[in-house]
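Contents: one structure, followed by commentary.
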Amino acid sequence: MEKIDITKQVEWAQKVAKINEGKNLKYAIYTMGCQLNENDSEKLCGMMETMNYCKTEKIEEADLVVFNTCCVRENAEDKLFGKLGEIKKFKETKGTIIAIGGCMMQEKHIVEKLKQSYPFVDIIFGTHTLHKFAEDIYQILINRKRIEDILDIDGEVIEGLPIKREDSVKASVTIMNGCNNFCTYCIVPYVRGRERSRSPRDILDEIQELSKQGYKEIMLLGQNVNSYLRSEKEKGIPFENNLLSKPSVSCQQGYTRSNSESEYEGVNSFATLLRAINEIEGIERIRFISPHPKDFTDDVIEAIRDCDKVCKFVHLPLQSGSTQVLNKMNRKYTKEQYLQLVEKMKQTIPNLTLSTDIIVGFPGETEEDFTDTLDVVKQVGFEQVYMFIYSKRVGTPGAQMPNQVPEATKHERFDRLKRLVESKIAQQNQTYVGTTQKVLIEGKSKNNENMLTGRTDSNKVVVLEGSEELIGQVVPVTIVSEHMWYLKGRKEV
Ligand code: 5AD
Ligand code: SF4
229 MEKIDITKQV EWAQKVAKIN EGKNLKYAIY TMGCQLNEND SEKLCGMMET MNYCKTEKIE
289 EADLVVFNTC CVRENAEDKL FGKLGEIKKF KETKGTIIAI GGCMMQEKHI VEKLKQSYPF
349 VDIIFGTHTL HKFAEDIYQI LINRKRIEDI LDIDGEVIEG LPIKREDSVK ASVTIMNGCN
409 NFCTYCIVPY VRGRERSRSP RDILDEIQEL SKQGYKEIML LGQNVNSYLR SEKEKGIPFE
469 NNLLSKPSVS CQQGYTRSNS ESEYEGVNSF ATLLRAINEI EGIERIRFIS PHPKDFTDDV
529 IEAIRDCDKV CKFVHLPLQS GSTQVLNKMN RKYTKEQYLQ LVEKMKQTIP NLTLSTDIIV
589 GFPGETEEDF TDTLDVVKQV GFEQVYMFIY SKRVGTPGAQ MPNQVPEATK HERFDRLKRL
649 VESKIAQQNQ TYVGTTQKVL IEGKSKNNEN MLTGRTDSNK VVVLEGSEEL IGQVVPVTIV
709 SEHMWYLKGR KEV
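Heads up, the sequence shown is in my numbering, so the first residue is 229 and it goes up one at a time.
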């Protein structure tokens, strides 16, 4: 495996920082898509800050505008092209640098469209070249010639990039990237490549550092977290040793990493990773997204049960409740197997709550298939359901399947599912009233400066009165009333 030398990127960043020195330059960033993309954006922000750009929310002020795109569903494309139309005038008046990266840039037809219809875009970069952003910026500042920096082959796990985190209580940590599952509706395996896991030591070091900085909640990210290290084991890659590149130099801000020899031995799977993170002092909560039901092995269920910091709240994507549709989706489980898994998890893990993803209107979905989905929703009683209308993705098998469901039927089913989900959530919310919940206080409420907001272990938003000193603490809160998307609480004295 060829090692990526991140020290070169440190040098590019330093060169750009020098060019930009004293110019008071600003950047704006738009992130579309999932939490993995948000985590990538935090790294892009980290890189831009080392290059002497400061963040602004006002696009008209920005000297550099970055779009980090998603392509899981079609509407993201419309949003990107709409926004590009808007910022064209800033390019014309003040020469703003425009860079577009992320999943959508791994789709050839999108890159072609950009080149033809939006020639004012300066940098197009893909998911496997994010770490070269400093080099791309340097080239554009020097040459002013459009850069297309996209790799088709799988990228490597890059360590040591600077990161500017959005939050001070919760932090996301990517543990693996890519996906080997090829669900037939999904574009992710084509744009993010095959599964690659970070080494246990790099992950544990990062979380230890986050704990020192005062972070309380860790969200582990990956397209398929419970197959963490599987590919490495199958290929015989020794993941205990850090094969991956480490920078030997450090720069004034960012591009540094700790070289401490922290404990990482014994981590050889997702379950053992959870157990190891559970031992890290200072961290109060551990969450993860997304696991695949087919890989939800007993050792993971037992680790969730045994680890006091791992939230008893699991996101378990269902996608469809019909065995026939699941088969066409290549999900590799049946309706019954999903329900059995839920049963086993509920029996093993006291007070377990679940959330899920559901796609409505996959090709060939009949009324009977859809009724199966409603049935699973009724039986499981999810705390949260993320509902999606099936969206054809170019290059996926689903796009070629016969019997595409008409738009009107998809919407009608979506509305029926939404009504059921909302009535179930309303029922569940009632059961919280009068109970005392441990709430991690995340900050001030966005809607009311005088109120605090936090979350229960089961990820319910709780709004309460209290002083700012509580931010970052887990406090007992009695729930006094329920509303569809949040609970109101009172701190216990
Ligand atoms: N259409 C609709 N929803 C999709 N998802 C993934 N691909 C598609 C698609 N083509 C949903 C799945 C996945 C979530 C992240 O997005 O439910 O779990
Ligand atoms: Fe897409 Fe399926 Fe992989 Fe999830 S598991 S990223 S839905 S292919």
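Here a beta-carbon is modelled for each residue, glycine too, at the ideal position from N, C-alpha and C.
**Request:** Tell me whether proline 466 is buried or exposed, calling it buried when 16 or more other Cβ atoms sit within 10 Å of its Cβ.
**Result:** Reading the sequence shown from its first residue, position 238 is the one you call residue 466. Answer is exposed; the Cβ neighbour count stays below 16.
**Message:** Let me confirm a value: cysteine 299 is counted as buried when at least 16 other C-beta atoms fall within 10 Å, else exposed. Which label applies?
**Reply:** Numbered from 1 along the sequence shown, position 71 holds the residue referred to as residue 299. Classification of cysteine 299: buried, given that the 10 Å Cβ count is 16 or more.
**Request:** Could you tell me whether any non-hydrogen atom of the ligand SF4 is closer than 7 Å to the CB of asparagine 265?
**Result:** Reading the sequence shown from its first residue, position 37 is the one you call residue 265. Not under cutoff, so the answer is no.
**Message:** Give the list of continuous beta strand (DSSP E) stretches no shorter than 3 residues that lie fully inside the region 260–334.
**Reply:** 281–283, 292–297, 325–330
**According to DSSP, residues forming a beta bridge with leucine 448** = For the purposes of this step, residue 448 is taken as residue 220 along the sequence shown, with counting starting at 1. In DSSP, leucine 448 forms a bridge with Val401, Phe516.
**Prompt:** Quick one: what does DSSP say phenylalanine 353 is sitting in, helix, strand or coil?
**Reply:** Mapped onto the sequence shown, residue 353 falls at position 125. Here phenylalanine 353 sits in strand by DSSP.
**Message:** Please classify glutamate 423 as buried or exposed, where buried requires at least 16 neighbouring CB atoms within 10 angstroms.
**Reply:** Translated into the one-based positions of the sequence shown, residue 423 becomes position 195. Buried, since its Cβ has 16 or more Cβ neighbours within 10 Å.
**Prompt:** Under three-state DSSP, which class holds serine 709?
**Reply:** Here the question's residue 709 lines up with position 481 in the sequence shown. Three-state result, serine 709: strand.
**Asked** Going by other Cβ atoms of all chains shown within 10 Å of its Cβ, with 16 needed for buried, is phenylalanine 410 buried or exposed?
**Response** Position 182 of the sequence shown, counted from the first residue, corresponds to residue 410. It counts as exposed.
**Item:** Option in Asn631, Asp597, Gly450, Asn408 with minimal Cα separation from serine 400
**Value:** In the sequence shown, counting from the first residue as 1, residue 400 sits at position 172. Per the Cα distances, Gly450.
**Prompt:** Within 7 Å: the Cβ of proline 591 and any heavy atom of the ligand 5AD?
**Reply:** Looking up residue 591 in the sequence shown gives position 363. Checking the Cβ of proline 591 against the ligand 5AD gives no.
**Message:** Following a CB-centred definition, is phenylalanine 410 positioned closer than 7 Å to any heavy atom of the ligand SF4?
**Reply:** Translated into the one-based positions of the sequence shown, residue 410 becomes position 182. Result yes, Cβ under 7 Å from the ligand SF4.
**Item:** Cβ-based burial, cysteine 414 [other Cβ within 10 Å; buried from 16]
**Value:** Your numbering for residue 414 matches position 186 in the sequence shown. Buried, since its Cβ has 16 or more Cβ neighbours within 10 Å.
**Request:** Kindly indicate the opening and closing residues of the beta strand (DSSP E) around histidine 543.
**Result:** In the sequence shown, counting from the first residue as 1, residue 543 sits at position 315. Run containing histidine 543: 541–543, per the beta strand (DSSP E) assignment.
**Prompt:** Whose C-alpha, out of Asp685, Lys444, Lys556, Ile586, is nearest the C-alpha of lysine 638?
**Reply:** Position 410 of the sequence shown, counted from the first residue, corresponds to residue 638. Of Asp685, Lys444, Lys556, Ile586, the residue nearest in Cα terms is Ile586.
**Request:** Let me know if threonine 594 comes out buried or exposed under the rule of 16 or more other beta-carbons within 10 Å of its beta-carbon.
**Result:** On the sequence shown, residue 594 is found 366 positions in, with the first residue counted as 1. Threonine 594 should be labelled exposed.
**Contact check, alanine 362 vs valine 495, beta carbons under 8 Å** = Position 134 of the sequence shown, counted from the first residue, corresponds to residue 362. Position 267 of the sequence shown, counted from the first residue, corresponds to residue 495. No, Cβ-Cβ distance for alanine 362 and valine 495 is not below 8 Å.
**Contacts around asparagine 469, its chain only, beta-carbon distance under 6 Å, and the 5 residues preceding and following it disregarded** = The residue you call residue 469 lines up with position 241 of the sequence shown. Any reading at asparagine 469 is ruled out, since the residue's pLDDT is 45, under 50, leaving its predicted position unreliable.
**Item:** Any non-hydrogen atom of the ligand SF4 closer than 7 Å to proline 417 Cβ
**Value:** Along the sequence shown, one-based indexing puts residue 417 at 189. Yes; taking the cut-off as 7 Å, the Cβ of proline 417 has a heavy atom of the ligand SF4 nearer than that.
**Prompt:** Candidates Arg644, Ile234, Phe309, Thr706: which alpha carbon is nearest lysine 606's?
**Reply:** Position 378 of the sequence shown, counted from the start, is the residue given in the question as residue 606. The shortest C-alpha separation from lysine 606 is found at Arg644.
**Request:** Could you tell me which residues DSSP puts in a beta bridge with serine 425?
**Result:** Taking the sequence shown and counting its residues from 1, one reaches residue 425 at position 197. For serine 425, which the question treats as bridged, DSSP gives the partners Met404.
**Request:** Closer than 8 Å by C-beta to serine 455: which residues in its own chain qualify, once you throw out the five before and the five after it? Chain order, please.
**Result:** Your numbering for residue 455 matches position 227 in the sequence shown. Correct list, in chain order: Met404, Asn408, Glu423, Phe498, His520, Asp523.
**Message:** Am I right that leucine 580 and lysine 537 are in contact with their C-beta atoms under 8 Å? What's the rounded C-beta distance?
**Reply:** Locating residue 580 in the sequence shown gives position 352, where the first residue counts as 1. Locating residue 537 in the sequence shown gives position 309, where the first residue counts as 1. In fact, because the Cβ distance is near 15 Å, the residues do not count as touching under 8 Å.
**Item:** phenylalanine 610 versus Arg621, Gly626, Glu571, Lys652, residue with shortest Cα-Cα distance
**Value:** As a first step, residue 610 must be located in the sequence shown, where it is residue number 382. When only C-alpha atoms are compared, the closest one is Lys652.
**Item:** methionine 712 burial status per 10 Å Cβ neighbour count (16 or more: buried)
**Value:** Position 484 of the sequence shown, counted from the first residue, corresponds to residue 712. It is exposed - the Cβ of methionine 712 has fewer than 16 other Cβ atoms within 10 Å.
**Message:** Can you look up leucine 680 in the DSSP assignment and give me helix, strand or coil?
**Reply:** Your numbering for residue 680 matches position 452 in the sequence shown. Reduced to three states, the DSSP call for leucine 680 is strand.
**Prompt:** Rounded to whole angstroms, how far is the Cβ of aspartate 268 from the Cβ of asparagine 248, which I believe are closer than 8 Å?
**Reply:** Against the sequence shown, residue 268 aligns to sequence position 40. Against the sequence shown, residue 248 aligns to sequence position 20. That pair is no contact at about 22 Å.
**Request:** Work out the CA separation of leucine 715 and leucine 692 for me, nearest whole Å.
**Result:** Within the sequence shown, the letter at position 464 stands for residue 692. Within the sequence shown, the letter at position 487 stands for residue 715. Cα to Cα, the separation comes out at about 9 Å.
**Message:** Going by DSSP in three states, aspartate 377 sits in which element: helix, strand or coil?
**Reply:** Numbered from its first residue, the sequence shown carries residue 377 at position 149. Residue state, collapsed to three classes: strand.
**Request:** List the endpoints of the continuous beta strand (DSSP E) containing glutamine 612.
**Result:** As a working note, residue 612 is residue 384 in the sequence shown. Note, glutamine 612: beta strand (DSSP E), 612–617.
**Rounded straight-line distance, which links the Cα of valine 690 to that of valine 238** = Residue 238 sits at position 10 when you count from the first residue of the sequence shown. Residue 690 sits at position 462 when you count from the first residue of the sequence shown. Their backbone Cα atoms lie some 42 Å apart in a straight line.
**Message:** Taking a contact to mean a Cβ-Cβ separation below 8 Å, would you say glutamate 387 touches aspartate 350 in this structure?
**Reply:** Start at 1 with the first residue of the sequence shown, and residue 387 comes out as number 159. Start at 1 with the first residue of the sequence shown, and residue 350 comes out as number 122. Cβ atoms of glutamate 387 and aspartate 350: not closer than 8 Å.
**Request:** Kindly indicate which three-state DSSP category arginine 372 falls into: helix, strand or coil?
**Result:** The count along the sequence shown starts at 1 and reaches residue 372 at position 144. Correct three-state label for arginine 372: coil.
**Candidates Thr402, Lys236, Ile368, Ile326: closest to isoleucine 257 by CA position** = Within the sequence shown, residue 257 is the residue found at index 29, counting from 1. Nearest option by C-alpha distance: Ile326.
**Asked** For methionine 447, which residues from the same chain have a beta carbon less than 6 Å from its beta carbon, with the 5 sequence-adjacent residues on both sides left out?
**Response** On the sequence shown, position 219 is the one that residue 447 refers to. Correct list, in chain order: Ser400, Arg515.
**Asked** Pick from Leu501, Glu445, Glu434, Arg641: whose alpha carbon is nearest that of valine 453?
**Response** As a first step, residue 453 is located in the sequence shown; it is residue number 225 there, counting from the start. Ranking the options by Cα distance to valine 453, first place goes to Leu501.
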